[in-house]
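For what it's worth, this note's numbering labels the leading residue of the sequence shown as 32, then goes sequentially.
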Amino acid sequence: MKPKWMLPALWIVVLSLIVTACGGAPAAKAKDKVTLQLKWVTQSQFAGYYAAKEKGFYDAENLDVTIQPGGPDIIPEQVVAGGAAQFGIDWLPSLLSAREQGTPLVNIAQVFQYSGMREIFWKDSGLMGVPDFKGKKVAVWLGGNEFELLATLNKYKLDKDKDLTIVQQPFDMNLLLNRQVDAAAAMTYNEYAQVLESTNPKTGQLYKPEDLVVVDFNKEGTAMLEDGIFTTEAFLKDANNQDIATRFLKASFRGWIYCRDNWKDCVEIVLKQGPTLGRGHMTWQMNEINKLVWPSPNGIGVMDAKLYQQTVAIAKNFGVIKQDPSPNAYTTQYAEAAVKTISEDAKGLNWQAATVEVTAGGK
Numbered sequence: 032m033k034p035k036w037m038l039p040a041l042w043i044v045v046l047s048l049i050v051t052a053c054g055g056a057p058a059a060k061a062k063d064k065v066t067l068q069l070k071w072v073t074q075s076q077f078a079g080y081y082a083a084k085e086k087g088f089y090d091a092e093n094l095d096v097t098i099q100p101g102g103p104d105i106i107p108e109q110v111v112a113g114g115a116a117q118f119g120i121d122w123l124p125s126l127l128s129a130r131e132q133g134t135p136l137v138n139i140a141q142v143f144q145y146s147g148m149r150e151i152f153w154k155d156s157g158l159m160g161v162p163d164f165k166g167k168k169v170a171v172w173l174g175g176n177e178f179e180l181l182a183t184l185n186k187y188k189l190d191k192d193k194d195l196t197i198v199q200q201p202f203d204m205n206l207l208l209n210r211q212v213d214a215a216a217a218m219t220y221n222e223y224a225q226v227l228e229s230t231n232p233k234t235g236q237l238y239k240p241e242d243l244v245v246v247d248f249n250k251e252g253t254a255m256l257e258d259g260i261f262t263t264e265a266f267l268k269d270a271n272n273q274d275i276a277t278r279f280l281k282a283s284f285r286g287w288i289y290c291r292d293n294w295k296d297c298v299e300i301v302l303k304q305g306p307t308l309g310r311g312h313m314t315w316q317m318n319e320i321n322k323l324v325w326p327s328p329n330g331i332g333v334m335d336a337k338l339y340q341q342t343v344a345i346a347k348n349f350g351v352i353k354q355d356p357s358p359n360a361y362t363t364q365y366a367e368a369a370v371k372t373i374s375e376d377a378k379g380l381n382w383q384a385a386t387v388e389v390t391a392g393g394k
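In structure tokens, the structure reads:
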């Protein structure tokens, strides 16, 4: 026989079960929906964000994230400013220019710590470096992509209008491959690989790195910061949005850390998204993109003040902006807060790049 005092307790348990079954328990908080606008088409350049979604890092931060690919006709600053996305990826000079023209955008995380922009030329051309560009045809993408080259020409006292011929470069490497120009622009993770994926007609074999000379703007001291995460000042005025921004950065950073430590898996994640270029090219690109992110001495996404000022100086010198940006053009507040809550290694000081073999046509 049960003691009488147990009967009320049993009724409490029964009633609590009934209430729970009828939906009396607190409902889980709905996920915050946000959209990320990429700078370019689907490729390993954005692997960290795809990994954050695939591996559940956004879910862990109670975020429902839509990743929108970019393209030649998509301007991330306009998409975010217009409210079609809460976050965007873009190069810092473009953001500074948009701000000066009245669009109040804010860089909240500088994911790429280094520039992937290069100028390359054939070793058998006899050119040794930028000082030898005098009298030559030098190709570069215009429309905002030329400033690192112009800053380097200025460093060596070469007049872009008098000492050489600047050629507008299409988004391929045919001018260089056909030797119609003496030098051409290339991103380490894309166009440089496209050259190496091409066949040398003299040998019938793929071109090799030793066939080329590479001008690294990071080493020249003329590099500008590239892929950063930005949003609008208006978005950040809301305290709830500030929390969303921090959570979004934390999950995105974890995605990049995952791609550092599991880069082969991240190639597979990107391939699921259907990039236009092949597995070989995406594999090369993933390795090269990691080189632009790691190491991150201040913690991934935290802006390096010196490199920021270097970018500003070059942007002013070549008319991208006319005056110094206001102090709130960027903030490290949310990136630093995100890094503090990440248990994984957020600096990657001991990270070593892998060795990736080039494949014909990037297949």
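Note that beta-carbon positions come from the ideal geometry of N, C-alpha and C, so glycine has one too.
Short Cβ contact (9 angstroms threshold) for residue i with residue j
| i | j | result |
| --- | --- | --- |
| I300 | G119 | no |
| K64 | G101 | no |
| E228 | G392 | yes |
| K170 | V226 | Per the sequence presented here, residue 170 reads as Ala, with Lys not at that position. Contact: no. |
| T73 | G305 | yes |
| E323 | G147 | Residue 323 is actually Leu in this sequence, not Glu. In this structure, G147 lies closer than 9 angstroms to L323 by Cβ. |
| Y81 | I98 | yes |
| A369 | F284 | yes |
| K394 | G309 | yes |
| I345 | P124 | yes |
| T307 | L136 | no |
| T362 | N205 | no |
Whole-number beta carbon distance between residue j and residue i, since they are thought to touch under 8 angstroms
| i | j | result |
| --- | --- | --- |
| E85 | R278 | 17 angstroms between Cβ atoms; not a contact. |
| D355 | V343 | 6 angstroms |
| L208 | K154 | Contact flag wrong, Cβ pair sits at about 15 angstroms. |
| G379 | A140 | Not confirmed; about 15 angstroms, so no contact. |
| S327 | Q144 | 5 angstroms |
| G87 | W287 | At roughly 15 angstroms, the Cβ-Cβ gap does not stay under 8 angstroms, so G87 and W287 are not in contact. |
N- and C-terminal bounds of the alpha helix (DSSP H) containing residue i
| i | result |
| --- | --- |
| A344 | 336-348 |
| W315 | 310-324 |
| G286 | 270-292 |
| R130 | 123-131 |
| F164 | Counting along the chain, F164 falls outside any alpha helix (DSSP H), and DSSP gives it neither H nor E. |
| D90 | 88-91 |
| E150 | Element bounds for E150: not the alpha helix (DSSP H) but the beta strand (DSSP E), 148-153. |
| L181 | 178-186 |
| Q364 | 364-371 |
Range of the contiguous beta strand (DSSP E) that encloses residue i
| i | result |
| --- | --- |
| K138 | According to the sequence as given, residue 138 is Asn; it is not Lys. It spans 136-140 - the beta strand (DSSP E) in which N138 sits, taken as one unbroken run. |
| K168 | 168-171 |
| K64 | 63-68 |
| A215 | 215-218 |
| G79 | It is not in any beta strand (DSSP E) - G79 instead sits in the alpha helix (DSSP H) that spans 78-85. |
| L243 | 243-247 |
| F143 | Where F143 is concerned, there is no enclosing beta strand (DSSP E), given that its DSSP letter is neither H nor E. |
| Q199 | 196-199 |
| F261 | 259-263 |
| L94 | 94-99 |
Touch test, the region 176-184 against the region 243-263, Cβ-Cβ under 8 angstroms, three pairs minimum: They touch, by the three-pair rule.
Inter-stretch contact at 8 angstroms, needing at least 3 Cβ pairs: the region 288-297 / the region 187-204: Verdict: no, contact absent.
Cβ contact (3+ pairs, closer than 8 angstroms) linking the region 130-137 and the region 150-162: No: the two stretches stay apart, fewer than three of their Cβ pairs being nearer than 8 angstroms.
Stretch pair the region 306-316 + the region 220-232: three plus CB contacts closer than 8 angstroms: When C-beta atoms of the region 306-316 are compared with those of the region 220-232, three or more pairs fall below 8 angstroms, so the two segments count as touching.
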